[in-house]
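Chains as they are written, first to last, in our numbering: chain A, -15 to 245; chain B, 756 to 1187.
I have placed the structure first, in the form of structure tokens, so that the comments after it can refer back to it.
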């Protein structure tokens, strides 16, 4: 029996501008299937820019560098093709689309991702199971997408979409922000259910909170558009203890000493 | 100052109708005089500033006025409780007193086309629901013109007695054109011309639900005026869907005369390349504690123009009334044009009134959100435009007809988005 294929997401020297303003100034990161990477950083450091640039938001312009999934260059592709290649972004602020029900939207998305029309009964069965797993009421399927949803409900909906679309790599953009502990646990349960050799994830977070429930393999700290520190779980704890100011000062000292980070 | 009427050469001999009662002939004569005197509405007339009737040749249209009875399809099944549904000319003989009183109180000849309708209407229906009678089964009326008619004048009347209720759906499909005549004309002429008037009298505590779906020929003028007078505790709910015609003028108003009278209007208009729509909906409040809600949604394609005129008028004495208008338009392309004119005229203190209005392109952030789920850009845009319209469509028609409405709207949207599958078909089956 052949060994299960392990996917790789490579981010190489990524430079991104937003409205001609440089935000990411050379990001290098490799995520393999089965790994959980955490990206931490203060406000304005470029976390959300990285997530939108990876997903292909047209306003986030890649000036230099590349994004590769199993060697395939995704850099010039629109968002839908990146999604079909296996990338998923859980939005920090999911948009409400009144007029489109959750079930219809998800069915269209699942059909697009899988490249075939899924059987309607099978689809609804799977949807019900995954909603139950995330402790969501069946009634959600008939509601308009994110319309009138609470912050916690929106994040569950993002998690539900991830479970239905089964991406190879998921970027969770501050999925923990604005969540109460119960909702946070449910969302993390969803992420943990995906863990395995064919799924890698980048958990973007401002705080440490989410990492209490999702054990990261690697922790990266981003400051001013660059990853300035990488380490293991203990790095996250150190930041929690000492604050981002500590990182800034460290980076400043190194710059003064001419150390390349 | 009115300019002399040069648009209508007086016809030789005003047509008398055999068997028409004298009172109707008198009303027609009156309207005929008005029609001769007035010019076609033009840019100087308030309410017609953004809509031109250039392209309408009235004399030519008058040569092909539609025949009596032709084209009006009414359900065969008799109505319960002594309710009456018949064509308007039969009603003029069989229900003369009721109809005469209504027509005298609702005679509309404020412009040349409406006056012409009053003078010469041939078709239309008369629906009378006596006090206390509630009709559960929705009534479907198809206002289909005879082939080759160049002018179609419909006049319809709805009268609900105290506590009565009814739900009616009017369909306005394109005519039975002979093969080869698609209703297209190369010279920019507006033909055929449909000029239709619907007036309703809603008694105390009565409830009228009314829907109209307009899908006229691509070369035509569709001018429809609807007006309901609503007594104490009565209510009217309008649903107006404008899809067809080259030039569509659609005016819908509730006159909330009684205390606690209410109206709700929902309007949908999808305006495609080469079309010009001018839609108005709203209410005039006279009664204390009267309430009106108006919600309009439009989508306007390349080379298309849509004018929307909101109407919210609170007269002195209408204390405690509440008027609310919301209107949104999606602009699908750089040459799409929408004029939104929400109007609130308030002549009474102690009232609530609000309006909102917005014209926007499809939100690129929403497109990105859907694309990030694997949905291609064109599909994402299509989904978003449908979604934008959907809340106003929900529950608009009775079961059995709603699906046809959804299909018609969906086909029109595909056409607006220049995607395959966008063809015109009437909602209630083919025109054969």
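Beta carbons are placed, not taken as given, at the ideal position from N, Cα and C, and that holds for glycine.
Proximity of chain A to residue 1143 of chain B at the Cβ level (cut-off 7 Å) is accounted for by 83, in chain order. The residue from B/1001, B/997, B/1040 with its alpha-carbon nearest to that of residue 1016 of chain B is B/1040. Distance from residue 6 of chain A to residue 40 of chain A at the Cβ level is roughly 19 Å; contact not present, criterion being Cβ atoms closer than 8 Å. Counting along the chain, the unbroken beta strand (DSSP E) around residue 51 of chain A starts and ends at 44 to 53. With a 10 Å radius around the Cβ and a threshold of 16 neighbouring Cβ atoms, residue 1121 of chain B comes out buried.
Secondary structure within the segment 1074 to 1136 of chain B: the alpha helix (DSSP H) runs of 4 or more consecutive residues, fully enclosed, are 1119 to 1126 (chain order).
Separation of residue 221 of chain A and residue -3 of chain A (C-alpha to C-alpha, rounded to the nearest whole angstrom) is 27 Å. The alpha-carbon separation between residue 124 of chain A and residue 151 of chain A amounts to approximately 22 Å.
Residues of chain B with a Cβ closer than 7 Å to the Cβ of residue 93 of chain A are, in chain order, 1128, 1129, 1130.
Under the 8 Å Cβ criterion, the segment 171 to 183 of chain A does not count as touching the segment 208 to 215 of chain A, having fewer than three qualifying pairs. Per DSSP, reduced to three states, the secondary structure at residue 6 of chain A is strand. At a cut-off of 8 Å between C-beta atoms, residue 1146 of chain B counts as an interface residue with respect to chain A. In the DSSP assignment, residue 141 of chain A falls within the unbroken alpha helix (DSSP H) covering 135 to 149.
Taking residue 1010 of chain B as the centre and dropping the five residues before and after it, the same chain places the C-beta of 984, 1039 closer than 6 Å to its C-beta, in chain order. Between residue 876 of chain B and chain A, the shortest Cβ-Cβ separation is not below 8 Å. At a cut-off of 8 Å between C-beta atoms, residue 223 of chain A does not count as an interface residue with respect to chain B. Between residue 1104 of chain B and the set B/914, B/1117, B/1118, B/1069, the nearest pair of CA atoms involves B/1069. If you look at residue 107 of chain A, you'll find it in the alpha helix (DSSP H) that goes 104 to 117. Annotation: residue 994 of chain B is outside any alpha helix (DSSP H); the continuous beta strand (DSSP E) that includes it extends over 990 to 997. Residues of chain A with a Cβ closer than 8 Å to the Cβ of residue 1124 of chain B are, in chain order, 75, 78, 79, 81. Between the C-alpha atoms of residue 1021 of chain B and residue 1034 of chain B there is a straight-line separation of about 11 Å. Judged by DSSP secondary structure, residue 1032 of chain B falls within the beta strand (DSSP E) whose first and last residues are 1031 to 1040.
Counting only residues of its own chain and dropping the five nearest sequence neighbours on each side, residue 885 of chain B has a CB closer than 8 Å to the CB of 836, 837, 838, 916, 919. Annotation for residue 204 of chain A: 23, 211, 214 place their beta carbon closer than 6 Å to its own, counting only its chain and skipping 5 residues before and after.
Only exposed fits residue 1107 of chain B, as fewer than 16 other CB atoms lie within 10 angstroms of its CB. Taking 8 Å as the cut-off, the Cβ atoms of residue 1080 of chain B and residue 1049 of chain B count as close.
Secondary-structure assignment with DSSP links residue 81 of chain A through a beta bridge to A/129. In the displayed model, residue 871 of chain B falls within a helix according to three-state DSSP. Between the C-alpha atoms of residue 1063 of chain B and residue 776 of chain B there is a straight-line separation of about 39 Å. When 7 Å is used as the limit between beta carbons, residue 41 of chain A is near these residues of chain B: 1123, in chain order. Burial check for residue 868 of chain B: the Cβ neighbour count within 10 Å reaches 16 or more, so the residue is buried. Residue pairing by DSSP places residue 184 of chain A opposite A/153 in a beta bridge. Counting other Cβ atoms within 10 Å of its Cβ, residue 134 of chain A stays below 16 and is therefore classed as exposed.
Listed along chain B is no residue with a C-beta nearer than 9 Å to that of residue 58 of chain A; the closest approach is about 13 Å. Between the segment 920 to 929 of chain B and the segment 959 to 974 of chain B, the count of C-beta pairs closer than 8 Å reaches three or more; the two stretches touch.
Taking the Cα positions, residue 859 of chain B is about 52 Å away from residue 130 of chain A.
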